[in-house]
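So that you can map any letter, position 118 of the sequence shown is 101 in our numbering, and since no number is skipped, the others follow by simple counting. Just so you know, even glycine gets a beta-carbon here, dropped at the ideal spot from N, CA and C. Just so it is clear, the structure is predicted and the values come from calculations on it, not from any experiment.
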Amino acid sequence: LGAQFRDINETLYTRDSTHAQRMFAEHPELFEAYHAGFRQQSERWPERPVGLIAEWLKAQPASWVVGDMGCGDAELAESVPQHVHSFDLVAANPRVTACDIASLPLADGALDVAVFCLALMGANYADFLREAPRVLRARGTLMIAEVRSRTADIGALLGLLGGLRFGLPARHWSHPDLV
């Protein structure tokens, strides 16, 4: 399981999201294999970022609308009082809308919070982040939790976000392997 997870993970990080969407459409068993490997790996983590994000959201207004990009099995939607739009390449359950998060099926300004929790996969991950300003309401919140190896050049990521007119984070959680 571990070797297959690593192979799929490598493909997801090095190819664009249209390739990943096509791969999972042609081989849906790979999506489940990837998530089984992810669940196995994340069981050993001292803290899961989706849990930190859920705790933060629980302290925010229940009326907020949240977008969970690359949601997997929609764990966030099951954990918070807000309405959560859950998106991933495959609809793992009825809460998930299958789509390429580079082109979200949401109206402009539909969200109070856009969450990318371990979701900046794909050579075109900047396209995912370019969707955030479109779907966020004015003064909306962008939350990103990503592994350090994915964001080796944090300056470039912050430059991209600044170019999209996102300010510096108001709150930053630190974990040795997350940014």
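Counterpart residues of residue 52 in DSSP-defined beta bridges: 70, 99
If distances are taken between C-alpha atoms only, which option among 75, 116, 127 comes closest to residue 19? Closest in alpha carbon position to residue 19, among 75, 116, 127, is 75.
For residue 139, which beta-bridge partners are listed by DSSP? Paired residues: none, contrary to the question.
Pick out whichever of 39, 22, 29, 43 has its Cα sitting closest to the Cα of residue 56. Of the listed residues, the one whose Cα sits closest to residue 56 is 22.
Per DSSP, cross-strand counterpart(s) of residue 81: 71
State the CB to CB distance for the pair residue 92 and residue 120, rounded to an integer number of angstroms; the pair is presumed to be in contact (CB under 8 angstroms). 5 angstroms
Please identify the residue among 107, 130, 132, 118 whose C-alpha is closest to the C-alpha of residue 143. 107
Kindly confirm or deny that the stretch 0 to 20 and the stretch 29 to 42 touch, where touching means at least three C-beta pairs closer than 8 angstroms. The stretch 0 to 20, when compared against the stretch 29 to 42, does not touch it at the 8 angstroms Cβ threshold.
For the alpha helix (DSSP H) that contains residue 115, what are its first and last residues? Segment 108 to 118, the alpha helix (DSSP H) holding residue 115.
Closest to residue 100 by CA distance: which of 69, 78, 2, 89 is it? 69
Here's a check: name, in chain order, each residue in its chain whose Cβ is nearer than 7 angstroms to the Cβ of residue 7, leaving out the five neighbours to either side. 13, 14, 72, 73
Looking at the secondary structure, which residues open and close the alpha helix (DSSP H) in which residue 0 lies? Unbroken alpha helix (DSSP H) run through residue 0: 0 to 9.
Using only the alpha-carbon positions, how far apart do residue 94 and residue 126 sit? 12 angstroms
What's the call for residue -3, buried or exposed, on a 16-neighbour Cβ count within 10 Å? exposed
Nearest-angstrom Cα separation, counted from residue 24 out to residue -13: Roughly 12 angstroms separates the two Cα atoms.
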